[in-house]
Amino acid sequence: METHTENKRTFPWWLKFVLLLVLGLPGFSGWPNGWLIQRLQETGLFTVEIAHIGVWVFYACCVWLVVLVSAGPHKLLAYLGAAFILGLTVAILGAVMRGLFPFLAAGMGRDATSFKLIRIFFNIIIFLPYSILFINSFSAKKLIDRVARLDGRYRTAGLHLALAFRVFQHTGEVVFNLFQIWTEEYPEKIIPRNSGSPGVRWYAPGKILVWIWACIHAWIFACIIHTFEPIPAMVAEVERINRANPEA
Amino acid sequence: MKKNEWTFATTAIVAGLIALSAIATMVIRIPIPATTGYFNIGDVFVVLAGLWLGPLAGALVGGLGPTIADAIGFPVFIPATMVTKGLEGFLVGLIASRAQGSSMKLRTVAAFVGGLTVVVGYFVFEAYIYPAMGKSMPAFAVTDIGAAIVEAFPNTVQGIIGAVGGLALWKALSGYQPGKK
């Protein structure tokens with residue numbers, strides 16, 4: 015977090031914005047990844063799938079390097095932890111559903127489906143850390159201070175936007191920490207360890223559905239509580255700024 | 031929520047719900063290979079926003095939250111999600127705003143109309159709009175009418191879970207009105 019604060023001081027906001035847009039360009043436009051994939055294929059050393067995967071891995075490393083330099087190793091590991099859990103969950107669930115309900119593939123070959131799942135996995139592990147870095151690279155407090163100096167209705171609208179941005183930043187920080195909280199305090203939510211305990215009934219694997227439901231339930235309520243907890247304080251602060259000089 | 035009642039607290043709650051709907055959409059994702067789309071539970075928060083805060087908040091949460099999630103992993107679905115989920119939140123809020131007191135009848139109808147909007151909205155996009163767009167922009171050529179029919183089933187399940195979950199959360203939170211102390 016301190017490194018984030020340091021960088022917030024080092025660069026003007028517009029430069030950070032431009033640099034982050036440039037970093038995300040391959041994701042938004044497909045360039046220069048498409049060009050690189052074509053060059054790799056032309057060498058004749060790589061199949062189209064391996065060329066794609068090679069370029070995605072290279073791009074992922076570039077994004078992670080920027081996160082490392084900007085946010086530090088602890089944040090990078092936290093973001094990657096969340097990204098890999100999400101990416102693997104999606105890919106594994108996709109593969110399981112393909113096996114259970116083949117009609118969902120609508121006649122697509124297994125290789126084509128697998129390649130799509132790998133593509134989704136890479137998208138998640140690249141763009142989740144990138145998105146959190148993007149949101150956390152700007153200071154909500156500075157934004158509120160700037161908006162507070164504006165005039166008339168732009169000021170009120172600006173304060174609403176700044177407050178929304180602050181809530182976004184807060185949610186992004188706390189919700190991804192839930193992964194760590196769960197692994198430390200509720201390991202049974204991550205690994206159903208009791209499945210191997212003595213006295214387990216033959217129908218114990220069926221309890222996986224109960225476990226999934228309990229996880230989703232706990233997740234939703236934990237998200238709501240952690241997200242809304244500081245909102246009254248944030249709102250009170252913005253209302254105080256708004257009241258202090260309403261016609262500035 | 032009545033007109034002119036949009037306070038800083040409303041903005042903060044809507045922003046929180048946008049973030050939560052994006053996260054809920056990302057956390058439980060089951061890909062549908064036929065269309066490259068996916069099943070998720072983000073609709074719970076879209077329905078909740080419409081029921082709790084009205085059509086504008088519903089449209090904002092639906093139009094922005096799941097769209098942010100689509101940007102991470104499934105960017106081709108951004109236009110379909112923004113329109114369909116935005117409309118879902120708006121319709122839920124519009125119908126629910128006519129409900130009297132804490133009556134569940136009209137709110138239940140509103141939540142299920144929201145679920146139906148998801149099924150119909152994605153079907154229209156995947157069966158007609160994306161194939162038409164795909165002719166000039168190949169990135170959108172990911173679905174056709176057959177794939178859209180296949181995805182109607184998971185979308186129906188998603189719509190039902192969103193409606194039931196949204197109603198349950200609304201019931202739990204309905205005692206609180208933003209801006210009132």
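Chains X and A are the protein sequences, given in the same order.
Throughout the first sequence, residue numbering follows my numbering, covering 15 to 262 in sequence.
Throughout the second sequence, residue numbering follows my numbering, covering 31 to 211 in sequence.
Glycine included, every Cβ here is placed at the ideal spot set by N, Cα and C.
Just so you know, these numbers come straight off a predicted model, no measurement behind them.
Rounded distance between the beta-carbons of residue j and residue i, thought under 8 Å
{"i": "residue 239 of chain A", "j": "residue 58 of chain A", "result": "Because chain A is modelled from 31 through 211, residue 239 of chain A falls outside the range shown and cannot be assessed."}
{"i": "residue 158 of chain A", "j": "residue 172 of chain A", "result": "Residue 158 of chain A to residue 172 of chain A, Cβ: 14 Å. No contact."}
{"i": "residue 266 of chain A", "j": "residue 40 of chain A", "result": "Here chain A comprises residues numbered 31 to 211, so residue 266 of chain A is not present and cannot be evaluated."}
{"i": "residue 143 of chain A", "j": "residue 125 of chain A", "result": "6 Å"}
{"i": "residue 97 of chain X", "j": "residue 143 of chain X", "result": "6 Å"}
{"i": "residue 140 of chain X", "j": "residue 73 of chain X", "result": "6 Å"}
{"i": "residue 127 of chain X", "j": "residue 168 of chain A", "result": "Between residue 168 of chain A and residue 127 of chain X the Cβ distance is about 20 Å, and since that is not below 8 Å, they are no contact."}
{"i": "residue 241 of chain X", "j": "residue 185 of chain X", "result": "5 Å"}
{"i": "residue 147 of chain X", "j": "residue 81 of chain X", "result": "5 Å"}
{"i": "residue 189 of chain A", "j": "residue 145 of chain A", "result": "3 Å"}
{"i": "residue 91 of chain A", "j": "residue 136 of chain A", "result": "20 Å between Cβ atoms; not a contact."}
{"i": "residue 164 of chain X", "j": "residue 248 of chain X", "result": "Not confirmed; about 19 Å, so no contact."}
{"i": "residue 108 of chain X", "j": "residue 60 of chain A", "result": "6 Å"}
{"i": "residue 170 of chain A", "j": "residue 106 of chain A", "result": "6 Å"}
Residue i classed as buried or exposed, judged by whether at least 16 other C-beta atoms fall within 10 angstroms
{"i": "residue 20 of chain X", "result": "Low per-residue confidence applies at residue 20 of chain X: pLDDT is 48, beneath 50, and the placement is therefore not dependable enough to give any value."}
{"i": "residue 262 of chain X", "result": "Reliability fails at residue 262 of chain X, whose pLDDT of 49 lies under 50, so the model's placement of it is uncertain and no value is given."}
{"i": "residue 159 of chain X", "result": "exposed"}
{"i": "residue 70 of chain X", "result": "buried"}
{"i": "residue 166 of chain A", "result": "exposed"}
{"i": "residue 100 of chain A", "result": "buried"}
{"i": "residue 145 of chain X", "result": "buried"}
{"i": "residue 118 of chain A", "result": "buried"}
{"i": "residue 45 of chain X", "result": "exposed"}
{"i": "residue 162 of chain A", "result": "exposed"}
{"i": "residue 133 of chain A", "result": "exposed"}
{"i": "residue 97 of chain A", "result": "buried"}
{"i": "residue 49 of chain A", "result": "buried"}
{"i": "residue 296 of chain X", "result": "A question about residue 296 of chain X goes unanswered here, because the residues of chain X that appear run from 15 up to 262."}
{"i": "residue 16 of chain X", "result": "Note that residue 16 of chain X has pLDDT 43, beneath the 50 cutoff, so the model's placement of it is unreliable and the number below is only indicative. Result: exposed."}
{"i": "residue 181 of chain A", "result": "buried"}
{"i": "residue 77 of chain X", "result": "buried"}
{"i": "residue 88 of chain X", "result": "exposed"}
{"i": "residue 82 of chain A", "result": "buried"}
{"i": "residue 43 of chain X", "result": "exposed"}
{"i": "residue 28 of chain X", "result": "exposed"}
{"i": "residue 235 of chain X", "result": "exposed"}
{"i": "residue 168 of chain X", "result": "exposed"}
{"i": "residue 26 of chain X", "result": "exposed"}
{"i": "residue 197 of chain A", "result": "buried"}
Sheet register partners of residue i (DSSP bridge)
{"i": "residue 61 of chain A", "result": "A:68"}
Residue i (DSSP reduced to helix, strand or coil)
{"i": "residue 35 of chain A", "result": "coil"}
{"i": "residue 162 of chain X", "result": "helix"}
{"i": "residue 188 of chain A", "result": "helix"}
{"i": "residue 46 of chain A", "result": "helix"}
{"i": "residue 139 of chain X", "result": "helix"}
{"i": "residue 244 of chain X", "result": "coil"}
{"i": "residue 40 of chain A", "result": "helix"}
{"i": "residue 57 of chain X", "result": "coil"}
{"i": "residue 168 of chain A", "result": "helix"}
{"i": "residue 128 of chain X", "result": "helix"}
{"i": "residue 174 of chain A", "result": "coil"}
{"i": "residue 161 of chain A", "result": "helix"}
{"i": "residue 123 of chain X", "result": "coil"}
{"i": "residue 129 of chain A", "result": "coil"}
{"i": "residue 43 of chain X", "result": "helix"}
{"i": "residue 19 of chain X", "result": "Its pLDDT being 47, under 50, residue 19 of chain X is placed unreliably by the model, and the measurement read from it follows with that caveat. Three-state result, residue 19 of chain X: helix."}
{"i": "residue 153 of chain X", "result": "coil"}
{"i": "residue 117 of chain X", "result": "helix"}
{"i": "residue 72 of chain X", "result": "helix"}
{"i": "residue 204 of chain A", "result": "coil"}
{"i": "residue 182 of chain X", "result": "helix"}
{"i": "residue 148 of chain X", "result": "helix"}
{"i": "residue 104 of chain A", "result": "coil"}
{"i": "residue 262 of chain X", "result": "For residue 262 of chain X, the pLDDT reaches just 49, beneath the cut-off of 50, and the residue's location in the model is therefore unreliable, although a value from the coordinates is still provided. Here residue 262 of chain X sits in coil by DSSP."}
Span of the alpha helix (DSSP H), counted from its first residue to its last, around residue i
{"i": "residue 118 of chain A", "result": "108-126"}
{"i": "residue 25 of chain X", "result": "Neither: residue 25 of chain X is in no alpha helix (DSSP H) and is coded neither H nor E."}
{"i": "residue 138 of chain A", "result": "135-154"}
{"i": "residue 100 of chain A", "result": "85-101"}
{"i": "residue 111 of chain X", "result": "87-114"}
Contact test: residue i Cβ vs the ligand MG heavy atom, cutoff 8 Å
{"i": "residue 71 of chain X", "result": "As for the ligand MG, it is missing from this structure, which has no ligand bound."}
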